[in-house]
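Take a look at the structure below.
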Amino acid sequence: MASKHVFATVGTTKFDLFISSLSSQKILNILYSQGYRTLTLQIGNGTVEPPTGEVEGIQVDYFRFKDSLAQDMQAADLVMSHAGAGSCLEALEAGKPLIVVINEDLMDNHQMELASRLHQDGHILYTICDELHKTLENMDLRSLKPLPPAQPHTFARFLDALFGFET
3 MASKHVFATV GTTKFDLFIS SLSSQKILNI LYSQGYRTLT LQIGNGTVEP PTGEVEGIQV
63 DYFRFKDSLA QDMQAADLVM SHAGAGSCLE ALEAGKPLIV VINEDLMDNH QMELASRLHQ
123 DGHILYTICD ELHKTLENMD LRSLKPLPPA QPHTFARFLD ALFGFET
C-alpha cells in the first residue's frame, strides 16, 4: 500500500480541540492503520502546537499560515477541515475527500448548516472532535461525490433574464 498524506486546516481561526484531537495517539493510530504516513496541520491562531517529527509512525508537521493552501490541498489524499466555507470549497474544488470537523463552540454560526448540507448531498463526511475517531474508523471515502463544477454563465443568464436583458 502506498503511503498516504493527510492535510488538516483550521483556516484563520483558533480550533485547539481539533488540533489536539488530530495529534492524539488514538487518532494517529487510526490514521496509521489506514495507510496514512504523513500529517500536515495548519493551526492558524491556535495555542496548541502539535508534536512534530515521527509520532505513532506518522510524520507530523505544522504551520500557522500561508498565502495559499492550494499546494497542501493538492498533495493530500485526505483533507480534514473546520467548517469554514472557504476551506470546504477549496478542498472540494481540488477534488479531495473531505472530513469536516464542527467547532461546537461556534454553534451560532453557519458551520453546522454548511456541513449538514454538503453531507446530505454526499460530498463530505462531518463530525465533532469527540466523534472523530469513529468517523475515521468507519469512513468510506469512495462513497463521496465530487462537487459539480461552478456554472457562472448559468447564473449570469439568470440575472440577465431577471433584469430583462436579452442574451
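For our numbering, count along the sequence shown from 1 and bump the result up by 2.
Virtual Cβ for every residue (Gly too), placed ideally from N, Cα, C.
If you draw a straight line from the Cα of L24 to the Cα of D162, it comes to about 47 Å.
When only Cα atoms are considered, K28 and Y34 end up about 10 Å apart. Taking 9 Å as the cut-off, the beta carbon of I101 is found no closer than this to the beta carbon of L116.
CA-CA distance, C90 to S83, rounds to 7 Å. Judged by DSSP in its simplified three-state form, F20 adopts helix.
Taking 9 Å as the cut-off, the beta carbon of Q44 is found closer than this to the beta carbon of F67. Ranked by Cα distance from T14, the first of L41, A4, S70 and I60 is S70.
In this model, L108 and V12 are separated by some 13 Å (Cα to Cα). Distances from the alpha-carbon of L149 to those of D132, E106, E139 and H125 put H125 closest. A distance below 8 Å between beta-carbons, with the five flanking residues on each side excluded, links M114 to the following residues of its chain, in chain order: A85 and I104.
In the structure shown, K28 adopts helical secondary structure according to DSSP, grouped into three states. For R39, the uninterrupted beta strand (DSSP E) run begins and ends at Y38 to Q44, by DSSP.
Annotation for H121: Y128 place their beta carbon closer than 6 Å to its own, counting only its chain and skipping 5 residues before and after. The beta carbon of N140 sits closer than 7 Å to none of the beta carbons in its chain outside the five residues before and after it.
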